[in-house]
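Below you'll find the structure, written out as structure tokens, and then a few comments.
In mature numbering (1 follows the signal peptide of the UniProt record, and there is no 0), the protein residues as written are -16 to -1, 1 to 352.
Laid out in structure tokens, this is it:
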């Protein structure tokens, strides 16, 4: 039985790892425009009415399909990206969502089975030691009567190892079981972790600007069973192609991407320009930037960006001693990879602008 658990767990684990979530093809277009694929290299980016609703990935040099996001770890745009999992060294997304969720289900079940065996073994051994003075686990009572020698030695070290294994099994059951519950919520609502975050920001944006809009998440089909069937199928292959998705009434293929574009435009409006006044190497915990900066470094996988004195940064969010933003590059490097990440707040100062011309004051011009 334990072998069966092991086979099923490892099968789904390696399926999630090696099958992967599915990567967005280069130069992907909506259905209506795929027949014009050759036009993409010329003027389709600027003149297509549908492409104006899609986000463009400068790293992949292609449009992002609906529900896809760029992963820094995989260095590709991923279909229906939920998150990048370090345990499978891959993203959880369109193609491997089912196998990843089955792994999260089977691992706790296997650990519960193993925990039952550990508990019964230790209980039986302690009971036999106290009641009969046995020093081994008696598997076959008739054989034990014929041969008094220990069948399986079970000393203090074996008891300690069983207790340690029981702790690992219970810990895995709780930790992985919670991840399974989270993934089931994602599946039943048909809403990835990233999309839940986008929906929350949409509500905040509407409330902040009092626009009177009503944001409806387009991919929740209104039935948990319908949402479930999009991930789990008898063939093992999820529904669709990972590029085009069924949407609920009142929505269309670009409802979510349009909201993302609005949020990005809002972020650009709210962003504040800063100028670097100190060099920063980009290390995670800089000792030379102060004790508070050292101990309050953001606990996140997001990168840090190195700064040189005079660099311009567009900050979008921040903490008390750290800020997150994007380095403003020269126009010649506009098509390159953006440099975004965290940097110490004490390394920058806010740029001062002329209220009439919206240009940096003389001091700023000289520094630039």
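Cβ atoms here follow ideal geometry from the backbone N, Cα and C, with glycine treated the same way.
- Annotated three-state conformation of residue 171 is helix, per DSSP.
- For the segment 182 to 258, the full-length alpha helix (DSSP H) segments reaching 4 residues or more read 208 to 215 and 239 to 254 along the chain.
- Ranking 167, 149 and -7 by CA distance to the CA of residue 77 puts 167 first.
- Contact between residue 63 and residue 55 does not hold, since the beta-carbon distance rounds to 11 Å and is not under 8 Å.
- Assignment of residue 286 by DSSP, reduced to helix, strand and coil, places it in the coil class.
- DSSP places residue 297 within a strand segment (E or B) once states are collapsed to three.
- Its Cα nearest to that of residue -10, the residue 90 stands out among 306, 74 and 90.
- Per the Cβ contact rule, the segment 169 to 181 is not in contact with the segment 148 to 155 (fewer than 3 Cβ pairs under 8 Å).
- Contact between the segment 321 to 334 and the segment 286 to 294 is present: three or more C-beta pairs spanning the two stretches fall below 8 Å.
- Beta-bridge analysis with DSSP links residue 307 to 302 and 327.
- Residue pairing by DSSP places residue 74 opposite 69 in a beta bridge.
- Separation of residue 191 and residue 232 (C-alpha to C-alpha, rounded to the nearest whole angstrom) is 24 Å.
- In the structure shown, residue 291 adopts extended strand secondary structure according to DSSP, grouped into three states.
- Under the criterion of beta carbons closer than 8 Å, residue 290 and residue 264 qualify as touching, at roughly 6 Å.
- Here DSSP, grouped into helix, strand and coil, assigns residue 276 to helix.
- Taking a C-beta distance under 7 Å as the contact criterion, residue 259 and residue 335 qualify as a contact pair.
- Cβ-Cβ distances below 7 Å link residue 261 to 293, 331, 332 and 333 in the same chain, with the five nearest sequence neighbours on each side left out; the list follows chain order.
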